[in-house]
Amino acid sequence: MATKIYLDTNIILDLFDNDRKSSATSQKFVDELFSDGAEFYINSDTLTNAFFILKSRIKVTQEKALKALEYSTTLCEVVPIEKEDALRAIALCSDISTDYKDYEDTVQYICAKKIDADVIVTNDKGFVSLDIEIKKTIC
């Protein structure tokens, strides 16, 4: 059975922006996982966020940004974010007894739980997951 790998948005950005300091490491990491037969997942918001960042901050052309999204949907299954997912993330972030403070990261975590991910791959030092293994492409 293949390992279910949930990719944080920052990993998707690393695949398309070679100027990011974690780009080469993330690309190598994803290539190795892919070679091992891993199944990759992202959420629907990752596509929206990646498009916005690629166009507005990285300044790629519309065509390149859309090609990046197309490739992402070929590489990864897309997990929809539904109302109950948003509400669960809000509840976790609202609970002062948890370490979940970043809403976007918490939505990523909720989506990883939704597909029973084995691992979340990120390069975000503050990413919180209490019950899914996190692998960081940088330390």
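Using numbering that gives the first Met the number 0, read the sequence shown as starting at 0 and increasing by one per residue. The beta-carbon is built from N, C-alpha and C at its ideal position, and this holds for glycine as well.
Can you say whether residue i is buried or exposed, counting buried as having 16 or more other CB atoms within 10 angstroms of its CB?
i	result
Ile95	exposed
Leu91	buried
Asp30	exposed
Leu32	buried
Ser128	buried
Asn139	Not covered by the structure: residue 139. The range shown for the chain is 0 to 138.
Asp84	buried
Checking the sheet assignment: what are the DSSP bridge partners for residue i?
i	result
Leu6	Val120
Ile41	Val77
Glu132	Val118
Expressed to the nearest angstrom, what Euclidean distance is found between the alpha-carbon atoms of residue i and residue j?
i	j	result
Ser34	Gln26	12 Å
Asn62	Lys100	For clarity, residue 62 is Glu in the given sequence; the question names Asn instead. Spanning the two alpha carbons is a distance of roughly 35 Å.
Leu6	Lys58	23 Å
Val78	Ile114	8 Å
Tyr40	Thr121	12 Å
Phe15	Ala67	7 Å
Phe28	Ser71	16 Å
Asp18	Glu81	33 Å
I need the DSSP call for residue i, collapsed to helix, strand or coil.
i	result
Ile109	helix
Asp104	helix
Asp84	helix
Asp94	coil
Thr60	coil
Phe126	coil
Asp13	helix
Measure from the alpha carbon of residue i to the alpha carbon of each residue in the options, then state which is nearest.
i	options	result
Lys3	Ile119, Phe126, Val127 and Ile137	Ile119
Asn48	Ile137, Lys134, Asp30 and Asp104	Asp104
Leu53	Ile109, Leu12 and Lys124	Leu12
Should residue i be counted as a contact of the ligand NAD given a C-beta to heavy atom distance under 7 Å?
i	result
Ser55	As far as ligands go, the structure on display features none, and thus does not contain the ligand NAD.
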